[in-house]
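**Q**
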Amino acid sequence: MLLLEKTKMVREKPCGGAISVKAKHLLGLSFTAIVEDEINRLSLTHGLSDPLEISLDFPWLTWWKESALTSFWWSRL
Numbered sequence: 001m002l003l004l005e006k007t008k009m010v011r012e013k014p015c016g017g018a019i020s021v022k023a024k025h026l027l028g029l030s031f032t033a034i035v036e037d038e039i040n041r042l043s044l045t046h047g048l049s050d051p052l053e054i055s056l057d058f059p060w061l062t063w064w065k066e067s068a069l070t071s072f073w074w075s076r077l
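Count the sequence shown with UniProt numbering and you get residues 1 to 77, in order.
1) Decide if residue 73 is buried, meaning its Cβ has at least 16 other Cβ atoms within 10 Å, or exposed.
2) Mind checking who residue 46 pairs with in its DSSP beta bridge?
3) Spell out the partners DSSP gives residue 37 in its beta bridges.
4) At the level of alpha carbons, what is the spacing between residue 32 and residue 63?
5) Name, in chain order, the residues that DSSP records as bridge partners for residue 55.
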């Protein structure tokens, strides 16, 4: 699947660079060089009260800057 932006973004999109463990595994590629953060903790709330905290022993989401991911894919073409 290819997703293209309709217009050029004026700044980095905060939601533009995360991938799940399952998707990373399915791709079979190493993203180590561009990883900015790995997320292994989640806090869920309803009305910002009584948070449900979930912590895992492994990262379930890998995060990087969108520009780094774009460069990564272009280098593979």
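Think of the CB as a built atom: it goes at the ideal place given N, C-alpha and C, for glycine as much as any other residue.
**A** Walking through what the data contain:
1) exposed
2) Residue 46 is bridged by DSSP to 49.
3) 63
4) 11 Å
5) Paired residue(s): 41.
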